[in-house]
Amino acid sequence: MSEQKLNQIEQMLSDLIHSVGTLKVFFEEEKEENQRRFEQIDKRFEQIDKRFEQIDRRFEQIDKRFEQIDRRFEHVDNRFDEMLAELRVNKVEHDYMATRLFRAEMELDNLKEQLAKK
Numbered sequence: 001m002s003e004q005k006l007n008q009i010e011q012m013l014s015d016l017i018h019s020v021g022t023l024k025v026f027f028e029e030e031k032e033e034n035q036r037r038f039e040q041i042d043k044r045f046e047q048i049d050k051r052f053e054q055i056d057r058r059f060e061q062i063d064k065r066f067e068q069i070d071r072r073f074e075h076v077d078n079r080f081d082e083m084l085a086e087l088r089v090n091k092v093e094h095d096y097m098a099t100r101l102f103r104a105e106m107e108l109d110n111l112k113e114q115l116a117k118k
């Protein structure tokens with residue numbers, strides 16, 4: 001082979017090695033950049049996870065509060081039922097007493113009439 005051909009092949013190999021080196025540097029930079037991006041994404045996911053945990057705790061607090069409110073309503077409802085039952089008893093007693101008073105007044109009127117006739 002001629003010297004010129006050898007020089008030409010050597011130059012082509014040198015250019016190829018240089019190109020491969022440049023590509024290697026480029027790919028390593030891209031790899032580092034991708035790694036940095038993935039780290040940022042991981043940090044963002046950690047933040048999102050923390051936020052979801054906060055939201056979950058808040059929902060638990062809200063759920064406990066609703067349970068308290070539900071127990072209060074149940075207590076008020078029971079008390080209301082008790083008061084209605086008491087009012088029904090009072091009404092029955094009131095009706096009974098009103099009837100007795102009416103009868104007593106009728107008997108008193110009858111006695112007055114009988115005394116007035118004598």
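All residue numbers for the sequence shown refer to full-length UniProt numbering, where the first residue is 1 and numbers rise by one.
Ideal placement from N, C-alpha and C gives every residue a C-beta, glycine not left out.
query	result
Please list the terminal residues of the continuous alpha helix (DSSP H) segment that includes ASP19.	Going by the sequence as given, residue 19 is Ser instead of Asp. SER19 -> alpha helix (DSSP H) spans 3-117.
Please work out which residues of its chain come closer than 7 Å, Cβ to Cβ, to GLU113, disregarding the five sequence neighbours upstream and downstream, and give them in chain order.	none
Measuring only the C-alpha atoms, how far is LYS24 from PHE38?	21 Å
Could you tell me the distance, in whole angstroms, from the CA atom of LEU108 to the CA atom of LYS118?	15 Å
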